[in-house]
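**Student:** Please see the structure below; I have some questions.
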Amino acid sequence: MNGTGFFVDAHGHLLTANHAADGCSALYVVKEGRTFAAEIVAQSPAHDIAILKIGTTQGLPAVFARSGHPTSDTLVFTAGYQTLPAVLARGGSLFNAVVRGGGEPDGEIELVSDATHGASGAPVLNANGLVIGIVTTRLDGQHVIATDADAAKALLAANHIAFEQDDRPQLSPLQDRAARAETISTGVTCFKRR
0 MNGTGFFVDA HGHLLTANHA ADGCSALYVV KEGRTFAAEI VAQSPAHDIA ILKIGTTQGL
60 PAVFARSGHP TSDTLVFTAG YQTLPAVLAR GGSLFNAVVR GGGEPDGEIE LVSDATHGAS
120 GAPVLNANGL VIGIVTTRLD GQHVIATDAD AAKALLAANH IAFEQDDRPQ LSPLQDRAAR
180 AETISTGVTC FKRR
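The numbering of the sequence shown is numbering that gives the first Met the number 0, which starts it at 0 and goes up by one.
Pasting the structure below:
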């Protein structure tokens with residue numbers, strides 16, 4: 000199974016979808032053609048998110064939006080690793096999305112997006128390059144569900160893992176969104192015994 004994750008600190012901690020990491024006999028993080036054995040630090044099955052750890056962060060850690068929930072019709076983007084060859088070839092795919100409805104009371108964000116199954120665990124970034132959610136479920140070919148960033152921040156805090164949050168843009172209007180998403184994202188590969 001392939002998924003996506005993103006680094007949250009300089010100590011090798013990353014977030015991904017819980018279903019992309021749960022029950023693995025071997026779990027790896029792949030970044031820029033390099034493979035790292037990973038371990039699960041904490042899980043939240045209720046929000047379908049998990050914290051993984053490798054030896055050291057590869058790339059830059061993400062910055063969470065400090066405040067505010069996305070509103071309907073907000074443009075967002077994410078990068079995912081849908082296939083193992085894409086992970087090994089250092090190539091994630093950028094997916095544009097639009098928030099459908101507002102921030103739901105249950106901590107979910109519905110997005111209109113063609114993100115694929117391998118995007119599970121990918122960060123959902125706002126126009127400023129700040130993380131506002133994590134892709135967890137693909138409903139159909141045009142809709143995905145993301146867990147909002149508050150659930151991820153709560154899981155990190157409960158496990159004493161420091162993370163950065165800010166409202167200042169991490170991405171200027173002239174910067175490439177794909178490059179920002181690619182810098183913080185990584186492939187997650189799970190092998191399960193049959």
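Every residue gets a Cβ at the ideal spot worked out from N, C-alpha and C, and that includes glycine.
None of these values were measured; they are calculated from a predicted model.
At what residues does the alpha helix (DSSP H) containing Glu181 begin and finish?
**Tutor:** It spans 176-183 - the alpha helix (DSSP H) in which Glu181 sits, taken as one unbroken run.
**Student:** Do Asp47 and His18 have their C-beta atoms within less than 9 angstroms of each other?
**Tutor:** Going by C-beta atoms, Asp47 is nearer than 9 angstroms to His18.
**Student:** What would DSSP say about Gly117, mapped onto helix, strand or coil?
**Tutor:** helix
**Student:** Pull up the distance between the alpha-carbon of Ile131 and that of Thr73, whole angstroms please.
**Tutor:** 11 angstroms
**Student:** What do you reckon, are the CB atoms on Ile108 and Ala145 nearer than 9 angstroms?
**Tutor:** yes
**Student:** Which residue comes first and which comes last in the alpha helix (DSSP H) that contains Lys30?
**Tutor:** No alpha helix (DSSP H) holds Lys30; the beta strand (DSSP E) holding it covers 25-30.
**Student:** Closer than 8 angstroms to a non-hydrogen atom of the ligand NAP - does that hold for the CB of Thr136?
**Tutor:** Summarising the ligand content, the structure contains no ligands, and the ligand NAP is consequently not present.
**Student:** For Phe190, count neighbouring Cβ atoms within 10 angstroms of its own Cβ and tell me buried if that reaches 16, exposed if not.
**Tutor:** exposed
**Student:** If you run the structure through DSSP and keep just helix, strand and coil, what is Leu170?
**Tutor:** coil
**Student:** Out of curiosity, what's the CA-to-CA distance linking Gly186 and Arg33?
**Tutor:** Inter-residue distance for Gly186 and Arg33 is about 10 angstroms (C-alpha atoms, whole angstroms).
**Student:** Name the residue from Ala37, Val134, Ala157, Ala178 whose alpha carbon lies nearest to the alpha carbon of Ala20.
**Tutor:** Ala37
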